[in-house]
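Asks: Residue numbering for the sequence shown follows this note's numbering, beginning at 14 and increasing consecutively. For every residue, glycine included, the Cβ atom is placed at its ideal position computed from N, Cα and C.
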Amino acid sequence: MKGPGAIGPYSQAVLVDWNIYISGQIGMDSSSGKLVPGGVAAETKQVLTNMGEILKAAGCDFTNVGKATVLLADMSDLNTVNKIYKECFKSNFPAYQVAALPKGAGIEIEAVAV
Numbered sequence: 014m015k016g017p018g019a020i021g022p023y024s025q026a027v028l029v030d031w032n033i034y035i036s037g038q039i040g041m042d043s044s045s046g047k048l049v050p051g052g053v054a055a056e057t058k059q060v061l062t063n064m065g066e067i068l069k070a071a072g073c074d075f076t077n078v079g080k081a082t083v084l085l086a087d088m089s090d091l092n093t094v095n096k097i098y099k100e101c102f103k104s105n106f107p108a109y110q111v112a113a114l115p116k117g118a119g120i121e122i123e124a125v126a127v
């Protein structure tokens, strides 16, 4: 898998009975282990790249995602995130909430694919 490794005691993804549970992803570059520069837009693109790699490793793609949760540090970033999100998800829309995120991240997305 080309996505970054976990930054804590958890799995990046788990397959259970043909369901894929993807842990929350932040905009972390897999080679450096650091957040990508460029703010929430760049982080969102990296999150979706990382998520795409996890899905690909499981033989899936974004069309298999049945649920996604988007956590934002600043809800004013929602329009930016939505614009980029819609490039990967054509009809699946996230549930939203505001939360503190690790490493000063501006966005985290988790998903379940079936």
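So is the beta-carbon of Ile20 under 7 Å away from any non-hydrogen atom of the ligand GDP?
Replies: Summarising the ligand content, the structure contains no ligands, and the ligand GDP is consequently not present.
Asks: How long is the line joining the alpha carbons of Thr82 and Leu114, rounded to whole angstroms?
Replies: Taking the straight line from one Cα to the other gives about 13 Å.
Asks: Is Val83 helix, strand or coil when you go by DSSP?
Replies: Correct three-state label for Val83: strand.
Asks: Compare the beta carbon distance of Ser43 and Pro17 with 8 Å and say whether it is the shorter of the two.
Replies: Closer than 8 Å, so yes.
Asks: Under the rule that 16 or more other beta-carbon atoms within 10 Å means buried, what is Met41, buried or exposed?
Replies: Counting Cβ neighbours within 10 Å, Met41 comes out buried, since at least 16 surround it.
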